[in-house]
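The sequence shown begins at 2 in the working numbering and counts up by one. All C-beta atoms in this analysis are idealised placements derived from N, C-alpha and C, irrespective of residue type, glycine included. Contents: one structure, followed by commentary.
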Amino acid sequence: MNILVLNCGSSSIKYQFFDMDREFTLAKGMVARIGMTGAVVSHKPFDRPEVKVSGEILDHIVATSYVISILLSTNHGVIKDKSEINAVGHRVAHGGERFTQSMLITDEVLSEIRNLIDLAPLHNPHNIRGIQACKKTLPNIPQVAVFDTAFHHQMPPSAYIYGIPYILYKKYGIRRYGFHGTSHYFVSQRAADIIGKPLDELKVITCHLGNGASLAAVDRGVSVDTSMGFTPLEGLLMGTRSGDLDPAVILHIMGREELSLHEANTLLNKHSGLIGISGVSSDMREIIDASGSGHTNAKLGLDIYCYRLRKYIGSYAAAMNGLDAVVFTAGVGENSPVVRELTCHGLEFLGADIDQERNNAAIGKEMVISRDDSRVKILAIPTNEELVIARDTKNLITNS
Ligand code: ADP
């Protein structure tokens with residue numbers, strides 16, 4: 002069974018095409034700059050080098066047609082006929098309180114995802130566009146929605162209700178939801194496999210550190226708290242997002258600088274975090290380099306990033322009344338010994354002792370990076386959100 006996984010953003014579609022009988026990636030790639038000049042498809046078949054094809058890609062419908070054509074193409078393709086695509090799995094950012102698990106997409110489900118746009122105006126519309134595009138280009142092929150929020154649906158109200166009038170939760174659904182669920186789920190399960198104990202006997206903190214970043218406290222397989230909230234802005238310091246902030250700060254700045262809602266949103270989401278503090282970059286590699294060359298504010302950005310991470314790890318250990326493992330994943334978590342070391346330095350009191358040599362060796366691969374005598378295991382685990390989406394899609398279409 003072959004499954005196409007799509008992750009649709011505002012101007013890009015990332016895709017991965019799996020043979021799910023073997024859980025094998027036949028091809029993967031990305032369509033970038035949709036609707037702009039210089040749109041390009043980067044495509045990597047499993048057995049040939051990556052190719053880049055540019056074209057006029059006006060919208061998500063044209064983009065998905067490009068993806069299908071390249072999967073079918075004589076030179077770069079991996080299948081001969083459209084019918085070899087058995088299903089499509091979509092990453093959908095926000096499932097609200099309605100979707101606590103992955104869903105086969107029907108007209109009713111699609112309209113409910115549409116109803117959630119208010120909660121995720123920056124994300125859900127693009128996901129919906131991708132679903133509609135597939136309905137057009139791959140009619141009659143089942144589609145599944147896998148929600149970024151679903152893994153966190155068992156958080157207790159004490160973790161998800163904000164300290165604002167309760168009526169606003171009832172009226173508008175304003176509460177903490179959390180994101181990156183498929184990643185937190187995948188790496189917590191992998192950690193249990195590597196440790197050799199069932200996940201339902203472990204207390205694990207997973208740190209997903211990509212362009213967006215969040216942690217989850219996974220208590221015996223259940224996410225009981227996570228650092229992103231109503232939107233993916235809350236929590237850790239990120240590449241371009243502020244993370245936690247006294248809410249009065251933004252009101253103050255809006256007044257002083259006469260910012261509109263849109264401008265304030267852009268300030269917090271695009272011009273804050275590492276880029277805002279350092280003025281150098283939102284990319285952790287460049288921050289680490291600049292910090293190493295003595296750039297004061299790059300070092301400050303790096304210090305804040307790791308300090309906040311450590312603070313959250315401490316508080317989640319308290320939330321779970323214990324800790325067995327800390328997992329680092331995604332771009333920064335998988336590849337940066339510097340961030341992992343700075344974060345873990347100060348967690349020794351919890352029984353988490355990082356091993357410097359192992360930490361330095363863990364770049365883009367699965368490894369235990371704590372010392373043998375560390376009570377809490379520290380792990381670096383590459384995430385695989387696409388595989389989780391493909392597995393859920395396979396399960397849903399086989400059992401429906
Ligand atoms: P996304 O959230 O877009 O999926 P990724 O998980 O790919 O992002 O993470 C991207 C981030 O990973 C980049 O911003 C970069 O800062 C960081 N990164 C990648 N490689 C390294 C590295 N070797 N050291 C530090 N950071 C890295």
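- When DSSP assignments are scanned along the segment 143 to 182, the uninterrupted stretches of beta strand (DSSP E) that are 3 or more residues long and fall wholly within it turn out to be 144 to 148.
- Nearest to PHE187 by C-alpha distance, out of GLY164, ALA151 and LEU310, is ALA151.
- Residue burial is scored here from C-beta neighbours: ASN361 has fewer than 16 other C-beta atoms within 10 angstroms and is therefore classed as exposed.
- No Cβ-Cβ contact shorter than 8 Å links ILE35 with ILE69.
- Per the coordinates, the alpha-carbon of ILE379 lies some 8 Å from the alpha-carbon of PHE329.
- In the same chain as CYS345, and ignoring 5 residues on each side of it, the C-beta atoms closer than 7 Å to its own belong to ALA353, ILE355 and ILE379, in chain order.
- C-alpha of GLY302 to C-alpha of SER279: approximately 6 Å in a straight line.
- Look at which beta carbons fall closer than 7 Å to any heavy atom of the ligand ADP; those residues are GLY211, ASN212, GLY213, GLY240, SER283, ASP284, MET285, ARG286, ILE289, ALA331, GLY332, VAL333, ASN336, SER337, VAL340 and ILE364.
- Between MET37 and SER12, the gap from beta carbon to beta carbon is short of 8 Å.
- Comparing C-alpha distances from LEU139 to each of LEU234, THR26, LEU5 and ALA320 shows the shortest one belongs to LEU5.
- Closest by C-alpha distance to GLN357, out of LEU351, GLY365, PHE350 and VAL369, is VAL369.
- With respect to the C-alpha of PHE47, the residue from GLY323, LEU27 and GLU57 having the closest C-alpha is LEU27.
- Per DSSP, the continuous beta strand (DSSP E) segment holding LEU7 begins and ends at 3 to 9.
- With respect to LEU310, LEU237 sits close: the two C-beta atoms are nearer than 8 Å.
- A residue is called buried once 16 or more other Cβ atoms fall within 10 Å of its Cβ, and ASP149 is buried on that count.
- Comparing C-alpha distances from LEU252 to each of ALA265, GLY240 and SER243 shows the shortest one belongs to ALA265.
- GLU342 sits away from ALA381, with the two beta carbons spaced by 8 Å or more.
- Straight-line measurement puts the Cα of GLY230 at about 23 Å from the Cα of GLU387.
- Pairwise C-beta distances place the segment 63 to 81 out of contact with the segment 119 to 126, as fewer than three of them are shorter than 8 Å.
- LYS312 and LEU216 have their C-alpha atoms roughly 11 Å apart.
- ASP226 is positioned such that its CB atom lies closer than 8 Å to that of MET156.
- Residues ARG177, SER228, MET229, GLY244 and ASP245 of the same chain have their beta carbon placed closer than 8 Å to that of GLU235, with the five preceding and five following residues left out of the count.
- Taking the Cα of MET21 as reference, the smallest distance to any Cα among GLU85, PRO50 and SER43 is reached at GLU85.
- Shown here, LEU234 sits in coil according to DSSP, grouped into three states, outside any helix or strand.
- Under DSSP, the beta-bridge partners assigned to VAL54 are VAL42.
- Rounded to the nearest whole angstrom, the C-alpha separation of ALA40 and GLU57 is 6 Å.
- Taking each of HIS209, ALA193, LEU210 and GLU367 in turn and checking the Cα distance to GLU202, the smallest one comes out for ALA193.
- Contact check between the segment 290 to 300 and the segment 254 to 269: fewer than three CB pairs, one atom from each, fall below 8 Å, which does not count as touching.
- For VAL328, there is no enclosing alpha helix (DSSP H); the enclosing beta strand (DSSP E) has its first and last residue at 326 to 330.
- The continuous beta strand (DSSP E) containing GLN17 extends over residues 14 to 20.
- Beta-bridge partners of PHE25 (DSSP): ASP20.
- Secondary-structure assignment with DSSP links CYS307 through no beta bridge to anything.
- The closest CA to that of ILE305, considering only ILE276, VAL377 and ILE132, is found on ILE276.
- GLY240 counts as buried, since at least 16 other C-beta atoms from the protein chains shown sit within 10 angstroms of its C-beta.
- Residue pairing for MET368: DSSP places it in a beta bridge opposite ALA381.
- Between the alpha carbons of ILE71 and ALA214 lies a distance of about 32 Å.
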